[in-house]
Structure formats: C-alpha cells, structure tokens
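The next block holds one structure in the form of structure tokens; read it before the comments.
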Amino acid sequence: MILAKGKLYGEEEREVLLARLEDEINETRVRAPLRSETVIAALDALGRHIENGQFDAQLAALGLSRRTDAVRTATAMLRRENLEYRLHMELGMHLGSEYPLTPPNGSARRICRAVPLGTVLHIAAGNADGLPVLSLAEGLLTGNINLLKLPQADGGLSVEAVRCMLEIEPELADYIYIFDTPSSDVVTLQRLAALCDGIITWGGDAAIEAVRRFAPVGAKLIEWGHRLSFAYISGYEDEQLELRALAEHIIQTKQLLCSSCQTIFLDTEDMEQVYAFCEKFLPYLEEASRRFPQEGIEETAEQTLRRYLDEMVQAIQGRAADTRVYRGEFCRLEACLDDNLVLSGLFGNCPVKRLPAARMLPVLRREKGRLQTAGLICAPERRLALAQRLMCCGLVRITRAGDMSESLCGEAHDGEYPLRRYVRIVEVEP
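Just so we're aligned, residue 126 is where the sequence shown starts under my numbering, counting upward by one.
Printed below as a string of structure tokens:
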C-alpha cells in the first residue's frame, strides 16, 4: 500500500509512482514555503480526532486504546500549544522567520533564515506507538517534503491518521508520501534515499548500519538509534515510594522503550547488598505485575519464552554460576557478578549489579553513544553530585526512577533538539 499526493495505490503501481516522484517533489519545492500555521492547525485537529475516539477501532486492532499512556502522550504532542512551544524552544522562531546577522561592533550585513532541509526520508521503527506519525509531524513542522517508510507492526494506523489529516488540510498532500515497503527491499529504499536531503532512521544498530550502506553521499543522516537506560541506587529519600515507582515503571513500560530501565545498579562493592536488594525489591515487582498485568496471551507467552531462552543461553555460556536468580510469578531479578550495562530480558526481567560511584565513568563509557536515561534514587544531599557524575558519563536524561519514560513537551531527544536537525540556516546578503 502506498499513499501519494493524498491517494492510495496498490503495490503494483509502485514503479510508476517512483518514476515520477522526483518531478513531483521538484514541483512542490519551487512553490511558496509551507507555513507553520497550516501544519500546526492540521496536527492539532488530528490530535483532537484521536482524543474523540475516531481511531478507536484501529488502536484496538493493535492492542491499544486512546487511554494508553503512549497514545495519550502522542496526542498531547500534537496539540497547538505544544507544537508552538517546540518551535520556540528548538528553533527560536517559526519557519521562514528572519533575523539580522550582526557581528560584534559591526552592522547587519546579512539576513539569516531557517528553511527546510528539503526532502527527508523517515525510516520508522515499530517499538513506540504512534512513532511514524510523530516523526512525520516533525518533518512537516519544519516544512519538508516527507517520504515515510512504515514499520512492519504499524497495522495501517499511520495511513488512516494521515488520510484524516489530509481531509482536514488538503494542502499537505503534496508533502507526504507513505510506502509500506519491507526493510528487505533495499533497491526501493535506495531509490527513495537518492531523492532526499536527509534520512531519518529509527531503530537498532543493524537498521542504522543498513542505512549507512545505501545512503547517498551528501545526504544528512539523522539517526535515532536504540539507547540504554538504567536505574542507579545510592541510598533513599523515601525507600518504599521510590522502589514502588521503579517497579511500576519496569512493568508498565515492559522495558521496551529506550528510556526503560534495563539494569539496576547499586552503589556498592558488596555482593551481599545486591542479594539483599533483590530479596527486598522482588515483592515490589510482583505487586506491580499484579496491578499492571500483561495485556494478552501473546505477551505472556513472549515473556515466558524470553525467560527460558535467557536461562538456556546462560547455561550454555557457563554464566549461570555467576548469576543468582530471584523468581516471581510474572517477573524475575538476576543478581550478577559483572558490572556491564546490558539489555534486560524485558517484560519484568531485570539484572541487578554493583557499580560504585568511583567506578561509574570507566564502566558506563563502554556504552558511549548509547546512553540515555538514568533513574536516580539517592539521598537528597547526594543528588546533585551523582547527577553531575552521570552527566560526565554521557547520560542525557537524569530523572526520578518512576519518571524515566515520562515525556515532556520541549525536551531534547537523546540530547538534541530534533527540529534543528531538519532545517538549515541560510544567510542572504542584500
């Protein structure tokens, strides 16, 4: 399925559409620039349609509802006030605004303007609900023509959302092309990439490496790869409240997000403290598992299979002797002797390890470029010093443990403001 200029086409028409795509893009690019207000009004209206239940059937088919936290967050990001706030925070101006370039002790010689990068290709991942539409929204907000490659798990939701938006604002039709193309179809992806000034990649190392291989020279690569996040515990401010919040975060996010806790680090060298923590924390995790159960038999089955597979791999590799396992009914903790930050077993399965603050930098720098969020639990008087050390290690978000996956309008993404990456600054001398 392909959406081009507001119309749906079957895969059998892909070659014809690709053959004329460059001419269509060029015709659009020479027109007057897309106005921010046009995009904001359309996105705001789309968000309200989602909130009012227009997409309940499509969401239900994906096991979601408009009351799901991820969907509520996504619709909030489409509200007018939040879009305008992002433009102000990230660009300091609306698209097309001008300001003089005035050197110190000099007069204005040039006019600076933020303009679209041009044509961008979004290669979306399926691990975050609503991601294709939100990525597309950023491309539109910066005035770009957008080619969107859907993830396999999209289920048609993105196409229906975009069609709704185009009914609201038909002017956007010339700025959106959606392709339901599998990642294995490298030839089509190469042809799309060849038309683009920027390629936006969401996904893991394999996806990013694949894009780097076929991306044309000169195309700007905007990579939003997988990141690793963890909880760090060095004392408590309110032990019960903080441990309960961490447990609920682990269970509710299913550890599927880049901001989800993958490993719990304790500020200690004593392995006995790790064992004691696991015994103390497991009941909190079990309570959260009962309060927020898995949504269906598929997730329960996947959770069980992951658990047994991980135990089998440990046995084969001889790591089982180095790991003490604490099993709950629907969750599990692993007390590990090593100090590596690793991806967890997901769905309530979390390793617990020692990491004294004095060794934090060399250990965490093994994963440089992959670090995102640290959920910090500590005594109040230590928070500032530990946060500073975590920043030195490369972390870009330091939150309370229960807030690791909370999204705030205007916050940076992996340490950068996305909209700045989707524009270029042009200087014009009168």
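Ideal placement from N, C-alpha and C gives every residue a C-beta, glycine not left out.
Going by DSSP, name the residue or residues bridged to Lys132.
Position 7 of the sequence shown, counted from the first residue, corresponds to residue 132. Answer is Ala129.
Bridge partners - Pro225, DSSP secondary structure assignment:
The sequence position of residue 225 within the sequence shown is 100, counting from 1. Paired residues: Ile236.
Give a yes or no on whether the minimum CB-CB distance between Phe402 and chain D is below 8 angstroms.
Note that chain D does not occur in the displayed structure, where there is just one protein chain.
Any idea which residues DSSP pairs Thr326 with across the strands?
To locate residue 326, count along the sequence shown from 1; it is residue 201. Answer is Ile248 and Glu348, bridged to Thr326.
Which stretch, first to last residue, makes up the beta strand (DSSP E) that contains Ser309?
As a first step, residue 309 must be located in the sequence shown, where it is residue number 184. Premise fails: Ser309 is in no beta strand (DSSP E) and is neither H nor E.
In chain order, what residues of the same chain lie with their CB nearer than 6 angstroms to the CB of Ala460, ignoring the 5 residues before and after it?
For the purposes of this step, residue 460 is identified with residue 335 of the sequence shown, where counting begins at 1. Closer than 6 angstroms at the Cβ level, and outside the excluded window around Ala460, lie Val399, Tyr400, Cys403, Arg449 and Val477.
Output needed for Ser359: all residues of its chain with C-beta closer than 7 angstroms, excluding positions within five of it in sequence on either side, in chain order.
Counted from its first residue, the sequence shown places residue 359 at position 234. Taking Ser359 as the centre and dropping the five residues before and after it, the same chain places the C-beta of Asp392, Ala482, Cys503, Arg507 and Leu511 closer than 7 angstroms to its C-beta, in chain order.
Grab me the residues of Val299's own chain with a C-beta within less than 7 angstroms of its C-beta, minus the 5 sequence neighbours each way, in chain order.
Taking the sequence shown and counting its residues from 1, one reaches residue 299 at position 174. Correcting the residue type first, residue 299 is Asp in the shown sequence and not Val. Taken in chain order, the residues that qualify are Lys130 and Thr153.
Quick check on the burial criterion: 16 or more other C-beta atoms within 10 angstroms. Buried or exposed for Leu297?
Within the sequence shown, residue 297 is the residue found at index 172, counting from 1. The residue is buried, with at least 16 neighbouring Cβ atoms inside 10 Å.
Neighbour-count burial assignment, Arg415, 16 or more Cβ in a 10 Å radius
Residue numbering aside, residue 415 sits at position 290 when the sequence shown is read from its first letter. Under this definition Arg415 is an exposed residue.
Residue ranges of each beta strand (DSSP E) within the stretch 510-549, 3 or longer
Here the runs fully enclosed are 522-524.
Bridge partners - Phe355, DSSP secondary structure assignment:
Mapped onto the sequence shown, residue 355 falls at position 230. Answer is Thr388 and Ala499, bridged to Phe355.
Taking 7 angstroms as the cut-off, is the CB of Glu454 close to at least one heavy atom of the ligand GTP?
No copy of the ligand GTP occurs in the structure displayed, which carries no ligand at all.
For Ala186, count neighbouring C-beta atoms within 10 Å of its own C-beta (all shown protein chains included) and say buried if the count is 16 or more, exposed if not.
Locating residue 186 in the sequence shown gives position 61, where the first residue counts as 1. With fewer than 16 Cβ atoms within 10 Å of its Cβ, Ala186 is classed as exposed.
Buried or exposed (CB count within 10 angstroms, at least 16 for buried), Asp279
Numbered from its first residue, the sequence shown carries residue 279 at position 154. Classification for Asp279: buried.
Which residues in the same chain as Asn207 place their Cβ atom closer than 6 angstroms to its Cβ, once the five residues preceding and following it in sequence are excluded?
As a first step, residue 207 must be located in the sequence shown, where it is residue number 82. Around Asn207: Cys534.
What span of residues does the alpha helix (DSSP H) with Pro487 cover, start to end?
In the sequence shown, the residue the question calls residue 487 occupies position 362. Taken as a continuous stretch (DSSP letters only), the alpha helix (DSSP H) holding Pro487 covers Met485 to Leu489.
Of the residues Glu176, Pro543 and Glu397, which one's Cα is nearest the Cα of His247?
Your numbering for residue 247 matches position 122 in the sequence shown. Selected option, being the one with the closest Cα: Pro543.
In whole angstroms, what is the alpha-carbon distance linking Ser283 and Glu394?
Position 158 of the sequence shown, counted from the first residue, corresponds to residue 283. Position 269 of the sequence shown, counted from the first residue, corresponds to residue 394. Roughly 49 angstroms between the two C-alpha positions.
Taking only the alpha-carbon atoms, compute the straight-line gap between Leu382 and Glu397 and give it to the nearest angstrom.
Reading the sequence shown from its first residue, position 257 is the one you call residue 382. Reading the sequence shown from its first residue, position 272 is the one you call residue 397. Rounded to the nearest angstrom, the two C-alpha atoms are 30 angstroms apart.
Relative to the alpha-carbon of Glu162, which residue among Ala319, Leu266, Val245 and Arg545 has its alpha-carbon at the smallest distance?
Mapped onto the sequence shown, residue 162 falls at position 37. Nearest of Ala319, Leu266, Val245 and Arg545 to Glu162, Cα basis: Leu266.
Are the beta-carbon atoms of Lys274 and Leu314 separated by less than 8 angstroms?
Translated into positions along the sequence shown, residue 274 becomes position 149. Translated into positions along the sequence shown, residue 314 becomes position 189. For Lys274 and Leu314, yes; Cβs fall inside 8 angstroms.
Within this structure, are the beta carbons of Leu496 and Arg369 separated by less than 8 angstroms?
Your numbering for residue 496 matches position 371 in the sequence shown. Your numbering for residue 369 matches position 244 in the sequence shown. No, these two residues do not count as a Cβ contact at 8 angstroms.
Start-to-end residues for the alpha helix (DSSP H) that takes in Lys405
Reading the sequence shown from its first residue, position 280 is the one you call residue 405. Segment Met396 to Arg416, the alpha helix (DSSP H) holding Lys405.
Less than 8 angstroms between the beta carbons of Ile301 and Val312, yes or no?
As a working mapping, residue 301 is identified with position 176 in the sequence shown. As a working mapping, residue 312 is identified with position 187 in the sequence shown. Not closer than 8 angstroms, so no.
Note down, in chain order, each residue of its chain lying with its Cβ closer than 6 angstroms to the Cβ of Arg238, except the 5 sequence neighbours on either side.
Position 113 of the sequence shown, counted from the start, is the residue given in the question as residue 238. So the list reads Glu223 and Val551, once near-sequence residues are dropped.
Going by DSSP, what residue range makes up the alpha helix (DSSP H) through Tyr210?
Residue numbering aside, residue 210 sits at position 85 when the sequence shown is read from its first letter. Its alpha helix (DSSP H) spans residues Arg205 to Arg211.
Closest by CA to Phe455, which one among Ile165, Gln419 and Ala499?
Reading the sequence shown from its first residue, position 330 is the one you call residue 455. Among Ile165, Gln419 and Ala499, the Cα nearest to that of Phe455 is on Gln419.
Contact check, Leu410 vs Gly453 under 8 angstroms by CB: the rounded distance?
In the sequence shown, counting from the first residue as 1, residue 410 sits at position 285. In the sequence shown, counting from the first residue as 1, residue 453 sits at position 328. Contact holds; Cβ gap of about 6 angstroms.
Since Asn269 and Thr244 should fall inside the 8 angstroms C-beta cutoff, what is the C-beta to C-beta distance between them, to a whole number of angstroms?
Reading the sequence shown from its first residue, position 144 is the one you call residue 269. Reading the sequence shown from its first residue, position 119 is the one you call residue 244. So it is a contact: roughly 7 angstroms between Cβ atoms.
Is it buried or exposed for Thr189, if we count other Cβ within 10 angstroms and need 16 for buried?
For the purposes of this step, residue 189 is taken as the residue at position 64 of the sequence shown. The residue asked about is misnamed: residue 189 is Leu in this sequence, not Thr. So Leu189 ends up on the buried side.
Going straight from the alpha carbon of Arg490 to that of Glu536, what length do you get?
Here the question's residue 490 lines up with position 365 in the sequence shown. Here the question's residue 536 lines up with position 411 in the sequence shown. Those two C-alpha atoms are separated by around 24 angstroms.
CA-CA distance, Asn271 and Pro505?
Numbered from 1 along the sequence shown, position 146 holds the residue referred to as residue 271. Numbered from 1 along the sequence shown, position 380 holds the residue referred to as residue 505. One C-alpha to the other measures close to 46 angstroms.
Three-pair Cβ contact test at 8 angstroms for the stretch 164-178 versus the stretch 192-200:
Flag = yes, the stretch 164-178 and the stretch 192-200 touch.
Considering only residues of the same chain and omitting the five flanking positions on each side of Val488, which have a CB-CB separation below 8 angstroms?
Within the sequence shown, the letter at position 363 stands for residue 488. Excluding positions up to five away in sequence, the list reads Asp464, Asn465, Leu466 and Leu480.
Can you list, in chain order, the residues of its chain with a C-beta nearer than 7 angstroms to that of Gly343? Leave out the 5 residues immediately preceding and following it.
The residue labelled residue 343 in the question sits at position 218 within the sequence shown. For Gly343, where only same-chain residues beyond five positions count, there are no Cβ hits under 7 angstroms.
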